[in-house]
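For reference, the structure discussed in these notes is given below.
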Amino acid sequence: TEIDTNLCDKDGNYIDLDVSIAKNGYYWRFPKNQKTTLGFAFSFDKGFDYNGFSKKIFPENCKPKGAFLPYGGNVKVVSDKRGMLLVGDAAGFIDAITGEGIYYAVKSGEIAANALMTNIPVEAYNKQVKLICKEVNKSWRFISKFYKFRNIVLKFVPKHENFFAFVCDYQVSIQKCDFSLIKMLLLYKRYKKNNS
């Protein structure tokens, strides 16, 4: 949800990504000029009070919008029994770390278009999207392990909101998943040194 930056409780000039607020998810705040994007994403939990949580993070009179994103598990079926090619969200192509899916939607759409030009579109598509499946599944395994050991990680990462915002930004910028926590910490240290 996008709101006027002056309605934010906190200083609106920095990125905030908090992974400590929910069992399996995070809250974000991204400033953009006079506007700020607020939101949260996590695995569905019947026992979680989504409305109560929304009231805590969104200003009064703000009406957040949301949607369920089909991610997680082991993505491998990318065409259905009728021979339809599933792309983007329909195929479960969502980065489980960032919740980002636009890159995979565009990429899988491009692969589907090329596959339709062949005599064996389903086979050609399934073969070409294996790399996407591999990256998406890798992100799901990483985030599952992360949330399992989250409290230990958070203990050793001061200002974790800034660190995880950096990790998400880095993952999106390189358009592939890199899951070495040590590498991320070293890159973040260098980033802070260069920007201080």
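The letter at position 170 of the sequence shown is residue 270 when you use the numbering used here, and the numbering goes up by one with no holes. Don't be surprised by glycine CBs; every beta carbon is placed ideally from N, CA and C.
Quick check: what's the CA-CA separation for G199 versus Y127? Here the C-alpha atom of G199 lies approximately 11 Å from the C-alpha atom of Y127.
Cutting at 6 Å between CB atoms, please list the residues of its own chain near G125, excluding the five before and the five after it. Excluding positions up to five away in sequence, the list reads A141 and F142.
Where does D269 fall in DSSP's three states? Of the three classes helix, strand and coil, the one that applies to D269 here is helix, per DSSP.
Could you give the first and the last residue of the continuous alpha helix (DSSP H) run that contains F256? Where F256 is concerned, the enclosing alpha helix (DSSP H) stretches over R250 to F256.
Residues in the same chain with beta-carbon distance under 7 Å from V232, minus the five sequence neighbours each way, listed in chain order, please. A small fix is needed here, since residue 232 is Ile in this sequence, not Val. Closer than 7 Å at the Cβ level, and outside the excluded window around I232, lie F193, Y204, K207 and S208.
Once DSSP output is grouped into helix, strand and coil, what is the label at D149? Correct three-state label for D149: coil.
What residues are listed by DSSP as bridge partners for E102? Paired residue(s): T137.
In whole angstroms, what is the alpha-carbon distance linking N113 and R290? The pLDDT assigned to N113 is 48, lower than 50, so where the model puts this residue is not dependable; a value taken from the coordinates is nonetheless given after this. Taking the straight line joining both Cα atoms gives about 21 Å.
Tell me which residue opens and which closes the beta strand (DSSP E) that P131 is part of. Run containing P131: G125 to K132, per the beta strand (DSSP E) assignment.
So what's L185 in DSSP terms, helix, strand or just coil? In the displayed model, L185 falls within a strand according to three-state DSSP.
Residue environment, E235, which counts as buried when at least 16 other CB atoms sit within 10 Å: So E235 ends up on the buried side.
Can I197 and C268 be called in contact, C-beta distance under 9 Å? Result yes, Cβ atoms of I197 and C268 sit closer than 9 Å.
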